[in-house]
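For reference, each letter of the sequence shown is one residue, going 10 to 315 in the working numbering.
For every residue, glycine included, the Cβ atom is placed at its ideal position computed from N, Cα and C.
Source: prediction; values computed, not measured.
Notes follow once the structure below has been shown.
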Amino acid sequence: DAASADLMRLASSTLLQLISLGWGREAEFEADLVGQILAVEAGFDGIGSVTLLDDLSSRDAKDPSMKVFRTHPGTQQRRDRLAANLSSFWSTPSDIIDQQTTESLDAGRNSDQIRRSDPNGRYLVTLDVGRSGLAVFDQQVGQSVTWLKDTVVLDFDWSPQGQYIAVIVDDQALGPVWICDRLGNVIKKVMVSEQSAIGLTWSPQGDKLALDLHGPAGSNVVVTYIDADVLVPVSGEYVAKDSTWLENGLYFSHQGRWYYTMAPDVQGVIVPNPVPQVLQRQRILSPTVIKEGNSIRLTRPSLTMP
Numbered sequence: 010d011a012a013s014a015d016l017m018r019l020a021s022s023t024l025l026q027l028i029s030l031g032w033g034r035e036a037e038f039e040a041d042l043v044g045q046i047l048a049v050e051a052g053f054d055g056i057g058s059v060t061l062l063d064d065l066s067s068r069d070a071k072d073p074s075m076k077v078f079r080t081h082p083g084t085q086q087r088r089d090r091l092a093a094n095l096s097s098f099w100s101t102p103s104d105i106i107d108q109q110t111t112e113s114l115d116a117g118r119n120s121d122q123i124r125r126s127d128p129n130g131r132y133l134v135t136l137d138v139g140r141s142g143l144a145v146f147d148q149q150v151g152q153s154v155t156w157l158k159d160t161v162v163l164d165f166d167w168s169p170q171g172q173y174i175a176v177i178v179d180d181q182a183l184g185p186v187w188i189c190d191r192l193g194n195v196i197k198k199v200m201v202s203e204q205s206a207i208g209l210t211w212s213p214q215g216d217k218l219a220l221d222l223h224g225p226a227g228s229n230v231v232v233t234y235i236d237a238d239v240l241v242p243v244s245g246e247y248v249a250k251d252s253t254w255l256e257n258g259l260y261f262s263h264q265g266r267w268y269y270t271m272a273p274d275v276q277g278v279i280v281p282n283p284v285p286q287v288l289q290r291q292r293i294l295s296p297t298v299i300k301e302g303n304s305i306r307l308t309r310p311s312l313t314m315p
């Protein structure tokens, strides 16, 4: 009909105007990146834009019919571009000249004893390379248990708060790095393409994990997040290994020398005097009574809204 024809002409005219103004897929990609950059400059972690699109993808999966009405790039494409941009926010690796720092890093690399006990002092872990399972002694109850009974564990590291334990397993098909909770239950598997994990270390906050990877092209260090499936290369062009995370940055070795890089500064948001929210309105019991002669009798109670 005439109304539909007019609407089609208006939509076509609007689309042509947008194209002539330079608006399109590349412009939306650029808008994503600019938003991510501004968020990092404001003190937010750039991973937030990636997890936002992860959430959007999960919603798209529940209602695929809505994709027909979208003109912007695919959510996965946008997500991949933002994830690839995360490494640009890390500082360029610099070599370490402070002798005290290098001696401390060398000492930590040569000592594995302190990693056996979790930070809360409850579990004592014994690694028998080549055998299945991870032998754990629960010091609180005085019992020995075995975690990951059917899996060969090559290395492990507790998170600083003792909430997680990350392990390198001999299972490339299912992901070489597994993250378990403090009871040994697997909660995440990190997939690495065409490389093997040979080392790992936690960030001081316990939200990120640095992985030493080795493959045909050499060795490098990448960072993954607990709450997002990303691998962020942070060692630049260096052949890197022995990653160690300290309070002031992430360190790694290259040809016998130590280098370090820093993640962008993230400042936590604290809301003063948050407004309380009512999660559910509750009914209250309101008894009623009636007078019968010289006596008072309780009738059936009624439920009323407050």
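**OP:** Check Gly151 in the structure and name its three-state DSSP category.
**Re:** coil
Subject >> Ala93: first and last residue of the uninterrupted alpha helix (DSSP H) it sits in >> reply: Its alpha helix (DSSP H) spans residues Thr84 to Ala93.
**OP:** Pull up the distance between the alpha-carbon of Phe78 and that of Asp69, whole angstroms please.
**Re:** Only weak support exists for where Phe78 lies, its pLDDT of 49 falling under 50; the coordinates are left without a value.
**OP:** Decide if Val243 is buried, meaning its Cβ has at least 16 other Cβ atoms within 10 Å, or exposed.
**Re:** buried
**OP:** At 4 residues or longer, and completely inside the segment 163-239: list those alpha helix (DSSP H) runs for me, N to C.
**Re:** none
Subject >> Alpha-carbon to alpha-carbon, Ile207 and Ser139 >> reply: Sequence check: residue 139 is Gly here, not Ser. Approximately 15 Å between the Cα atoms of the pair.
Original post:
What's the C-alpha gap between Gly83 and Asp166?
Top reply: 37 Å
Original post:
Among the residues of its own chain, which have a CB less than 6 Å from the CB of Asp89, if the five just before and after it don't count?
Top reply: none
**OP:** Return the bridge partner residues of Gly258 from the DSSP annotation.
**Re:** Leu255
**OP:** Provide the residue span of the beta strand (DSSP E) that contains Arg266, from first to last.
**Re:** Arg266 to Thr270
Original post:
Going by C-alpha distance, which of Phe38, Asp127 and Glu112 is nearest Asp148?
Top reply: It is Gln, not Asp, that sits at residue 148 in the sequence shown. Residue Asp127 is the option with its Cα nearest to Gln148.
Original post:
Which one or two residues does DSSP pair with Asp104 in a beta bridge?
Top reply: Tyr268
Subject >> Residue range of the unbroken beta strand (DSSP E) whose run includes Leu133 >> reply: Tyr132 to Thr135
**OP:** Rounded to whole angstroms, what's the CA-CA distance from Ile56 to Val134? Just pull it up for me.
**Re:** 32 Å
Original post:
What's the C-alpha gap between Leu312 and Glu301?
Top reply: In this prediction, Leu312 scores a pLDDT of 45, lower than 50, which makes its location untrustworthy; the coordinate-derived value is nonetheless stated afterwards. Cα to Cα, Leu312 sits roughly 23 Å from Glu301.
Original post:
Taking the Cβ atom as the reference point for each residue, do Leu136 and Trp156 lie within a distance shorter than 8 Å?
Top reply: Cβ distance not < 8 Å, so Leu136 and Trp156 don't count as in contact.
**OP:** Go ahead and label Val278 buried or exposed: buried means 16 or more other beta carbons lie within 10 angstroms of its beta carbon, across all protein chains shown.
**Re:** Exposed is the call here.
Original post:
Beta-carbon separation of Asp274 and Phe261 under 8 Å?
Top reply: no
Original post:
Would you call Ala229 buried or exposed, if buried means 16 or more other Cβ atoms sit within 10 Å of its Cβ?
Top reply: Here the sequence assigns Asn to residue 229, which means Ala is not the residue at that position. Asn229 should be labelled buried.
**OP:** Classify Phe146 as helix, strand or coil using the three-state DSSP reduction.
**Re:** Strand.
**OP:** Please report the Cβ distance between Leu218 and Val201, rounded to the nearest whole angstrom; I am assuming they are in contact, meaning their Cβ atoms lie under 8 Å.
**Re:** Going by Cβ atoms, the distance from Leu218 to Val201 rounds to 12 Å, so no, they are not a contact pair.
**OP:** Enumerate in chain order the residues of its own chain whose CB-to-CB distance from Pro185 is below 7 Å, with the five nearest sequence positions on each side excluded.
**Re:** Ile177, Val178, Val201, Ser205 and Ala206
Subject >> Ile174 burial status per 10 Å Cβ neighbour count (16 or more: buried) >> reply: buried
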